[in-house]
Amino acid sequence: MNASLTDYKTHGMVCNVKVNKAYKYRIYPNRAQRVLLEKHFGCARFVYNHFLRQRIDWYA
1 MNASLTDYKT
11 HGMVCNVKVN
21 KAYKYRIYPN
31 RAQRVLLEKH
41 FGCARFVYNH
51 FLRQRIDWYA
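Positions 1 to 60 (UniProt numbering) are the ones given, in order, by the sequence shown.
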């Protein structure tokens, strides 16, 4: 999400308003790209879970 602050005047007062913007994207990978994405996400999942387990064990 992209957040920005916008100033506007209301009844003589200046207010800061946080405006949230979101963009949705959808991709349609071909077979070779899908295989590479699955490998990438599999590696990322392994690394995340490895260090999550390490952190849980450290605090336990």
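A virtual CB, placed ideally from N, CA and C, is assigned to each residue, including glycine.
How long is the line joining the alpha carbons of GLY42 and ILE56, rounded to whole angstroms? By 1-based counting over the sequence shown, the position of residue 42 is 42. By 1-based counting over the sequence shown, the position of residue 56 is 56. If I take the Cα positions, the gap works out to 21 Å.
For LYS39, the three-state DSSP class (helix, strand or coil): Residue 39 sits at position 39 when you count from the first residue of the sequence shown. The answer is helix: DSSP assigns LYS39 an H, G or I state.
Measuring only the C-alpha atoms, how far is HIS50 from ALA44? Numbered from 1 along the sequence shown, position 50 holds the residue referred to as residue 50. Numbered from 1 along the sequence shown, position 44 holds the residue referred to as residue 44. Distance between the alpha carbons of HIS50 and ALA44: 10 Å.
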